[in-house]
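Asks: Please read through the structure below; I'll follow up with questions.
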Amino acid sequence: MNIRHHFDDATLLAYSSGSLPRGMSLLVGSHLCWCEECRGRARQADCVGGELLEEIEPAELEVGTLETLMARLDDAEPEVSKQVAVADANPDSGLPAPLASILGKPLDALEWRRIGYGVQQYDLKLEGPGATRLLRIAPGVSVPHHSHKGNELTLILRGSYSDELGRFCVGDVADVDTEVNHQPIVDTDQECICFIATDAPLRFTGLMGRLAQPFIGL
Ligand code: ZN
Ligand code: ZN
Numbered sequence: 004m005n006i007r008h009h010f011d012d013a014t015l016l017a018y019s020s021g022s023l024p025r026g027m028s029l030l031v032g033s034h035l036c037w038c039e040e041c042r043g044r045a046r047q048a049d050c051v052g053g054e055l056l057e058e059i060e061p062a063e064l065e066v067g068t069l070e071t072l073m074a075r076l077d078d079a080e081p082e083v084s085k086q087v088a089v090a091d092a093n094p095d096s097g098l099p100a101p102l103a104s105i106l107g108k109p110l111d112a113l114e115w116r117r118i119g120y121g122v123q124q125y126d127l128k129l130e131g132p133g134a135t136r137l138l139r140i141a142p143g144v145s146v147p148h149h150s151h152k153g154n155e156l157t158l159i160l161r162g163s164y165s166d167e168l169g170r171f172c173v174g175d176v177a178d179v180d181t182e183v184n185h186q187p188i189v190d191t192d193q194e195c196i197c198f199i200a201t202d203a204p205l206r207f208t209g210l211m212g213r214l215a216q217p218f219i220g221l
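Count the sequence shown with our numbering and you get residues 4 to 221, in order.
Next comes the structure, spelled out in structure tokens:
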């Protein structure tokens, strides 16, 4: 696997601090299974987070406060976060282990729902904020042009697509925020299956996008 697109530092710090929504955390953990480079950066992010915690003045902590703080840290930890950082890709399904264990079956056995021309969706139905879904897009089909109200993480599981940011192949992640306005187009040689997690709904631009929004429900 030749990974060329990775998370930005802010995403890895948020992952390390446990502040990402569950779906995004699952997506980051899945990429980490495949990407040694991001695993190293995630370890650095863990250290930065630890130092921030050490900067809290001990005098500020009253009796019982530390317990409360630790309990809060435990609560904030998404169930999927740490265990996935050490897990390996599941050789049976070709999927990263954290995602494979949540899906419970191979990609082709999922109950896909058709949501538009050449586009099928599988909603992981994780608790919000944001949405966690797989999109299965036929060769050559494009997703409507859209911008983002929040952050959108995409991990390519099969095939490839290209957009204003470059070409994305299996293992690559697209880490986009409100600055980005893009239109992914799937390469023509095979279908593309992407794992997408957002922390806010997408905002479609252009007439086709606005028409498609209530239909696709992205
Ligand atoms: Zn990476
Ligand atoms: Zn997008």
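Even glycine gets a Cβ: it sits at the ideal position worked out from N, Cα and C.
From the DSSP output, read off the bridge partner residues of residue 159.
Replies: BP columns for residue 159 point to 197.
Asks: Does the beta carbon of residue 182 fall short of 6 Å from some heavy atom of ligand 2?
Replies: No; taking the cut-off as 6 Å, the Cβ of residue 182 has no heavy atom of ligand 2 nearer than that.
Asks: Look up residue 16 in the DSSP assignment and say whether it is helix, strand or coil.
Replies: In the structure shown, residue 16 sits in a helix (DSSP, three-state: H, G or I).
Asks: Which word fits residue 120, buried or exposed, when buried means at least 16 other C-beta atoms lie within 10 angstroms of its C-beta?
Replies: Residue 120 comes out exposed.
Asks: Please check the pair residue 189 and residue 159, which I expect to be a contact at CB under 8 Å, by giving their CB distance rounded to whole angstroms.
Replies: At roughly 10 Å, the Cβ-Cβ gap does not stay under 8 Å, so residue 189 and residue 159 are not in contact.
Asks: Report all residues from its chain with a CB closer than 6 Å to the CB of residue 197; omit the five preceding and five following residues, and keep chain order.
Replies: The answer, listed in chain order, is 138, 157 and 159.
Asks: Could you name the residues, in chain order, whose CB is less than 6 Å away from a heavy atom belonging to ligand 1?
Replies: Going along the chain, the residues that qualify are 6, 9, 34, 38, 40 and 41.
Asks: Return yes when at least one heavy atom of ligand 2 lies under 6 Å from the C-beta of residue 114, else no.
Replies: No, the beta carbon of residue 114 sits no closer than 6 Å to any heavy atom of ligand 2.
Asks: Does DSSP put residue 146 in a helix, a strand or coil?
Replies: Residue 146 falls in the coil class under three-state DSSP.
Asks: Does the region 117–136 come close enough to the region 161–176 to have 3 or more Cβ pairs within less than 8 Å?
Replies: No, they do not touch.
Asks: Specify, as a first and last residue, the run of the alpha helix (DSSP H) that residue 25 falls within.
Replies: Note, residue 25: alpha helix (DSSP H), 25–37.
Asks: What's the C-alpha gap between residue 263 and residue 37?
Replies: A question about residue 263 goes unanswered here, because the residues of the chain that appear run from 4 up to 221.
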